[in-house]
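A.B. asks: A single structure is presented below for examination.
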Amino acid sequence: MIDVESFRRRIPVCQRAAYLNTGMSGPSPIPVVDAIKQRLDYEMVEGSGSPDVNASGRSVREAARQCVASFLNAFPDEICITKNTTDGLNMVLNGLTWNPGDEIVTCDLEHSSVLVPTYYKQRQSGVVMKVLSMAPDEPMESILSKIEAALTPRTRLVFLSHIEYSSGLRMPVEEIRRLTKDRGVMLLLDGAQTAGHIRLDMKELDADFYSIPGQKWLLGSEGIGALYIRKDHIQDVEPVHLGGRAVLPHVGPRDLEPNSGSMDKFLMSSTSTALHAGLIEAINFIQEAGISEIEQRDVELAGSLKDSLRETPGVTVLSPFDRRTSSGLVTFAIDGVDPEQAVAHLWEKNRIAVRRLSYPAGIRASLHFFNTQDEVAELAEAVRGLAETGVAG
Numbered sequence: 001m002i003d004v005e006s007f008r009r010r011i012p013v014c015q016r017a018a019y020l021n022t023g024m025s026g027p028s029p030i031p032v033v034d035a036i037k038q039r040l041d042y043e044m045v046e047g048s049g050s051p052d053v054n055a056s057g058r059s060v061r062e063a064a065r066q067c068v069a070s071f072l073n074a075f076p077d078e079i080c081i082t083k084n085t086t087d088g089l090n091m092v093l094n095g096l097t098w099n100p101g102d103e104i105v106t107c108d109l110e111h112s113s114v115l116v117p118t119y120y121k122q123r124q125s126g127v128v129m130k131v132l133s134m135a136p137d138e139p140m141e142s143i144l145s146k147i148e149a150a151l152t153p154r155t156r157l158v159f160l161s162h163i164e165y166s167s168g169l170r171m172p173v174e175e176i177r178r179l180t181k182d183r184g185v186m187l188l189l190d191g192a193q194t195a196g197h198i199r200l201d202m203k204e205l206d207a208d209f210y211s212i213p214g215q216k217w218l219l220g221s222e223g224i225g226a227l228y229i230r231k232d233h234i235q236d237v238e239p240v241h242l243g244g245r246a247v248l249p250h251v252g253p254r255d256l257e258p259n260s261g262s263m264d265k266f267l268m269s270s271t272s273t274a275l276h277a278g279l280i281e282a283i284n285f286i287q288e289a290g291i292s293e294i295e296q297r298d299v300e301l302a303g304s305l306k307d308s309l310r311e312t313p314g315v316t317v318l319s320p321f322d323r324r325t326s327s328g329l330v331t332f333a334i335d336g337v338d339p340e341q342a343v344a345h346l347w348e349k350n351r352i353a354v355r356r357l358s359y360p361a362g363i364r365a366s367l368h369f370f371n372t373q374d375e376v377a378e379l380a381e382a383v384r385g386l387a388e389t390g391v392a393g
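Residue numbers in the sequence shown follow the numbering used here, run continuously in steps of one, and reach 393 at the last position.
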């Protein structure tokens with residue numbers, strides 16, 4: 001069992017507000033911020049380009065890659081540290097070779113980080129973008145039947161979020177992978193809402209590509225994430241942004257050869273070692289609580305909120321109730337209340353941090369392991385008040 005209070009004491013915002021917006025940006029705990037500060041102080045005092053700082057920087061950056069690999073049950077040479085989820089998704093989508101008529105299957109619940117790059121690939125390369133219609137609480141069996149029906153001999157890629165940001169719908173990715181693998185179709189997963197939220201095992205998932213952020217459920221900092229590419233696909237993804245690591249070690253300008261088989265080909269010359277140090281501490285913080293315990297607690301807290309909200313007149317819960325497709329995200333709508341105004345009201349009047357969504361139009365709460373049943377009750381009561389009297393009340 002997680003000692004919730006011991007973790008809350010290390011997350012300062014917990015003493016100031018009911019922070020239910022981890023799905024947008026998680027509150028970094030003190031150890032994460034301290035690790036970043038300590039690294040920056042070290043670089044300031046010793047000189048950022050001194051030999052000792054350079055050597056230790058290489059060690060920290062490699063340790064971060066090893067840490068992510070262990071957390072995802074992947075090989076370190078299948079991991080590249082990125083700027084964020086979107087960065088990794090674009091690396092894959094723009095690094096693969098496309099032919100006119102190739103098909104990419106996605107759905108209408110997706111974040112713009114999935115839809116917009118796919119749309120531009122359609123414009124630039126003539127691929128066919130298939131956007132499947134999914135309800136925010138689409139049943140698992142229906143998800144699979146819709147995806148299977150969309151696959152054709154021209155389908156090259158299924159591109160989805162593991163957990164949909166819009167409603168918390170957890171996609172049955174293991175079953176989707178079986179559908180795609182049997183047909184030789186690649187699977188690219190947006191893990192923006194999963195890392196630090198649910199248990200992830202790249203060997204079990206068997207996805208071809210998986211991109212995660214550091215700043216959401218992992219509780220790390222902005223500006224860092226990671227990309228997994230299964231080993232047999234690394235050579236299939238060309239680097240779009242090119243630096244010295246995109247070629248093998250060489251003597252002179254006439255000896256250049258592509259570094260095709262290494263994830264190092266995606267690395268740029270300069271990066272923040274401090275953010276790498278923060279990512280390591282963030283993963284350590286999550287592992288201290290236990291990812292399986294976190295997943296169970298997140299889903300239970302979300303379930304408690306959904307149960308309360310569906311008993312409230314004038315409130316519609318848009319997220320799934322089926323535990324198989326549920327997560328720590330809960331999206332709901334209040335009759336006659338604008339979501340943007342509701343979010344502002346909840347913060348100003350109740351110090352509850354949630355997020356507005358455009359599609360489906362609603363309010364989204366993110367329940368993470370450091371949240372409490374008291375905070376769930378506070379939100380449910382505040383929503384009940386909004387449903388009865390509106391924002392003016």
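Glycine included, C-beta positions come from ideal geometry on N, C-alpha and C.
Note that this is a predicted model, so its numbers are computed, not measured.
Could you tell me the alpha carbon to alpha carbon distance between residue 345 and residue 391, rounded to whole angstroms?
C.D. replies: Taking the first residue of the sequence shown as position 1, residue 345 is located at position 345. Taking the first residue of the sequence shown as position 1, residue 391 is located at position 391. About 7 Å.
A.B. asks: Would you decide whether residue 30 is buried or exposed? Buried here means 16 or more other CB atoms lie within 10 Å of its CB.
C.D. replies: Translated into the one-based positions of the sequence shown, residue 30 becomes position 30. Label assigned to residue 30: exposed.
A.B. asks: Can we count residue 314 as close to the ligand PLP, meaning its CB is less than 7 Å from some heavy atom?
C.D. replies: Looking at this structure, you won't find the ligand PLP or any other ligand, since it has none at all.
A.B. asks: At what residues does the alpha helix (DSSP H) containing residue 337 begin and finish?
C.D. replies: Within the sequence shown, the letter at position 337 stands for residue 337. Premise fails: residue 337 is in no alpha helix (DSSP H) and is neither H nor E.
A.B. asks: Inspect the CB distances between the stretch 91-103 and the stretch 60-76 and report whether three or more fall short of 8 Å.
C.D. replies: As far as the Cβ criterion goes, the stretch 91-103 does not touch the stretch 60-76, which means the pair count is below three.
A.B. asks: Reducing DSSP to helix, strand and coil, say where residue 23 ends up.
C.D. replies: Numbered from its first residue, the sequence shown carries residue 23 at position 23. Residue 23 falls in the coil class under three-state DSSP.
A.B. asks: Who are the Cβ neighbours of residue 178 in its own chain at under 6 Å, not counting the five residues just before and after it?
C.D. replies: In the sequence shown, counting from the first residue as 1, residue 178 sits at position 178. Within the same chain, residue 178 has no close Cβ partners at all.
A.B. asks: Taking residue 369 as part of the alpha helix (DSSP H), name the residues at either end of that continuous run.
C.D. replies: Taking the sequence shown and counting its residues from 1, one reaches residue 369 at position 369. Per DSSP, residue 369 belongs to no alpha helix (DSSP H) and is neither H nor E.
A.B. asks: Can you find the residues in the same chain that come closer than 6 Å, C-beta to C-beta, to residue 122, ignoring five residues on each side of it along the sequence?
C.D. replies: As a working mapping, residue 122 is identified with position 122 in the sequence shown. Answer for residue 122: 129, listed in chain order.
A.B. asks: Does the distance from the CB of residue 202 to the CB of residue 74 come in under 8 Å?
C.D. replies: On the sequence shown, residue 202 is found 202 positions in, with the first residue counted as 1. On the sequence shown, residue 74 is found 74 positions in, with the first residue counted as 1. Yes. Within cutoff.
A.B. asks: From residue 143 to residue 133, what distance separates their C-alpha atoms?
C.D. replies: The residue labelled residue 143 in the question sits at position 143 within the sequence shown. The residue labelled residue 133 in the question sits at position 133 within the sequence shown. Looking at the two C-alpha atoms, the distance is approximately 10 Å.
A.B. asks: With the cut-off set at 8 Å, would you say residue 302 and residue 328 are in Cβ contact?
C.D. replies: Stepping through the sequence shown from its first residue, residue 302 is reached at position 302. Stepping through the sequence shown from its first residue, residue 328 is reached at position 328. Yes, they are a contact pair.
A.B. asks: Report yes if the CB atom of residue 185 is closer than 8 Å to the CB atom of residue 230, and no otherwise.
C.D. replies: On the sequence shown, residue 185 is found 185 positions in, with the first residue counted as 1. On the sequence shown, residue 230 is found 230 positions in, with the first residue counted as 1. No; because the gap between Cβ atoms is not below 8 Å, this pair is not in contact.
A.B. asks: Once you ignore the five residues that flank residue 341 on each side, which residues in its own chain have a CB closer than 6 Å to its CB?
C.D. replies: Locating residue 341 in the sequence shown gives position 341, where the first residue counts as 1. Answer for residue 341: 391, listed in chain order.
A.B. asks: Given a threshold of 16 other Cβ atoms within 10 Å of its Cβ, counted over all protein chains shown, does residue 149 qualify as buried or as exposed?
C.D. replies: Counting from one through the sequence shown, the residue named residue 149 turns up at place 149. Residue 149 should be labelled exposed.
A.B. asks: Starting from residue 119, trace the beta strand (DSSP E) in both directions and tell me its first and last residue.
C.D. replies: For this step, residue 119 is matched to residue 119 along the sequence shown. Careful: residue 119 lies outside any beta strand (DSSP E), inside the alpha helix (DSSP H) at 112-125.
A.B. asks: Using the DSSP secondary-structure output, state which residues sit across from residue 161 in a beta bridge.
C.D. replies: Taking the sequence shown and counting its residues from 1, one reaches residue 161 at position 161. 190.
A.B. asks: Around the Cβ of residue 361, are there at least 16 other Cβ atoms within 10 angstroms (buried) or fewer (exposed)?
C.D. replies: The sequence position of residue 361 within the sequence shown is 361, counting from 1. Answer is exposed; the Cβ neighbour count stays below 16.
A.B. asks: Just curious, the alpha helix (DSSP H) that residue 210 is in, first and last residue?
C.D. replies: Start at 1 with the first residue of the sequence shown, and residue 210 comes out as number 210. Not the alpha helix (DSSP H): residue 210 falls in the beta strand (DSSP E), residues 209-213.
A.B. asks: Please report how far the alpha carbon of residue 235 lies from the alpha carbon of residue 18, in whole angstroms.
C.D. replies: Residue mapping note: residue 235 aligns to position 235 of the sequence shown, counting from 1. Residue mapping note: residue 18 aligns to position 18 of the sequence shown, counting from 1. Rounded to the nearest angstrom, the two C-alpha atoms are 46 Å apart.
A.B. asks: So, for residue 275: in the same chain, excluding its five sequence neighbours on each side, which residues have a beta-carbon less than 6 Å away from its beta-carbon?
C.D. replies: Locating residue 275 in the sequence shown gives position 275, counting from the first residue. Taken in chain order, the residues that qualify are 221, 223 and 224.
A.B. asks: Can you have a look at residue 180 and say buried or exposed, based on whether 16 or more other CB atoms are within 10 angstroms of its CB?
C.D. replies: As a working note, residue 180 is residue 180 in the sequence shown. Buried, by the Cβ-count rule.
A.B. asks: With distances taken Cα to Cα, identify the nearest neighbour of residue 206 among 162, 333 and 242.
C.D. replies: Here the question's residue 206 lines up with position 206 in the sequence shown. The shortest Cα separation from residue 206 among 162, 333 and 242 belongs to 162.
A.B. asks: Pick from 117, 204 and 27: whose alpha carbon is nearest that of residue 8?
C.D. replies: Reading the sequence shown from its first residue, position 8 is the one you call residue 8. Nearest C-alpha to residue 8: 27.
A.B. asks: At 3 residues or longer, what runs of the beta strand (DSSP E) sit wholly inside the stretch 131-180?
C.D. replies: The stretch 131-180 contains these whole beta strand (DSSP E) runs: 155-161.
A.B. asks: Note down the Cα distance separating residue 131 from residue 209, rounded to an integer number of angstroms.
C.D. replies: Within the sequence shown, residue 131 is the residue found at index 131, counting from 1. Within the sequence shown, residue 209 is the residue found at index 209, counting from 1. Near 20 Å, if we compare the C-alpha coordinates of residue 209 and residue 131.
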